[in-house]
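J.: Dropping a structure here in structure tokens format, bear with me for questions.
Spelled out as structure tokens, the structure:
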């Protein structure tokens, strides 16, 4: 397994739409294993575009304090959302150190293929629902900051750019 390089904002790949995965794609098991290895360093979810692969693949590991084992979603599609929305703090491995509350549906139902290409339907709420929605956004070329007001987004981007510039200037 390999730890993959995570792309950071403003890399243009993060703004591209990912392609559906063909069940005959022999690269997917290795990609999923590498994504889990990469995710183990930090984070709870990772989408393939974040590691420069434009395929509709997501891995999620909410950690041992949750009662949900790590799993992969191939070609995930949200097929139902509750009307009730809730704010939830979002962060992103592609925008390290940036956090903001994003309002999203409280519950979702998602259909997806697992790593063996078996079809599943999953009803999710709380952190799992937020994580799935966040990662599917990546597959569609969106970042969590796109859900914020223009002013809030610009402030966070300025802080991120300033922080990034300072860290690259240090000896």
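In our numbering, the protein residues as written are 808 to 978.
No residue lacks a Cβ here, since even glycine has one placed at the ideal position from N, Cα and C.
Just so we're clear, the structure is a prediction, and the values are computed from it rather than from any experiment.
(1) Whole alpha helix (DSSP H) runs in the segment 881–930 with 4 or more residues, listed along the chain?
(2) Thinking C-alpha only, which one of 917, 958, 937 and 815 is nearest residue 970?
(3) What does a CB cutoff of less than 7 Å around residue 844 pick up in its chain, not counting 5 residues either side in sequence?
(4) Checking the sheet assignment: what are the DSSP bridge partners for residue 862?
(5) Please confirm whether residue 838 and residue 864 have their CB atoms less than 8 Å apart.
(6) If you draw a straight line from the alpha carbon of residue 870 to that of residue 890, how long is it in whole angstroms?
(7) Does the segment 853–861 come into contact with the segment 906–919, if we say contact requires no fewer than three beta-carbon pairs (one atom in each stretch) closer than 8 Å?
(8) At what residues does the alpha helix (DSSP H) containing residue 946 begin and finish?
T.: From the atom records:
(1) For the segment 881–930, not one full-length alpha helix (DSSP H) segment reaches 4 residues or more.
(2) Residue numbering aside, residue 970 sits at position 163 when the chain shown is read from its first letter. Residue 970 has its Cα closest to that of 815, out of 917, 958, 937 and 815.
(3) Numbered from 1 along the chain shown, position 37 holds the residue referred to as residue 844. Counting only Cβ-Cβ distances below 7 Å, and skipping sequence neighbours, we find 808, 809 and 810.
(4) On the chain shown, residue 862 is found 55 positions in, with the first residue counted as 1. Its beta-bridge partners are 826.
(5) The count along the chain shown starts at 1 and reaches residue 838 at position 31. The count along the chain shown starts at 1 and reaches residue 864 at position 57. Going by C-beta atoms, residue 838 is nearer than 8 Å to residue 864.
(6) Taking the chain shown and counting its residues from 1, the one referred to as residue 870 is at position 63. Taking the chain shown and counting its residues from 1, the one referred to as residue 890 is at position 83. Rounded to the nearest angstrom, the gap between the Cα atoms of residue 870 and residue 890 is 28 Å.
(7) Judged by Cβ distances under 8 Å, the segment 853–861 makes no contact with the segment 906–919, as fewer than three pairs qualify.
(8) As a working mapping, residue 946 is identified with position 139 in the chain shown. Membership of residue 946 in the alpha helix (DSSP H) is indicated by the continuous run 933–946.
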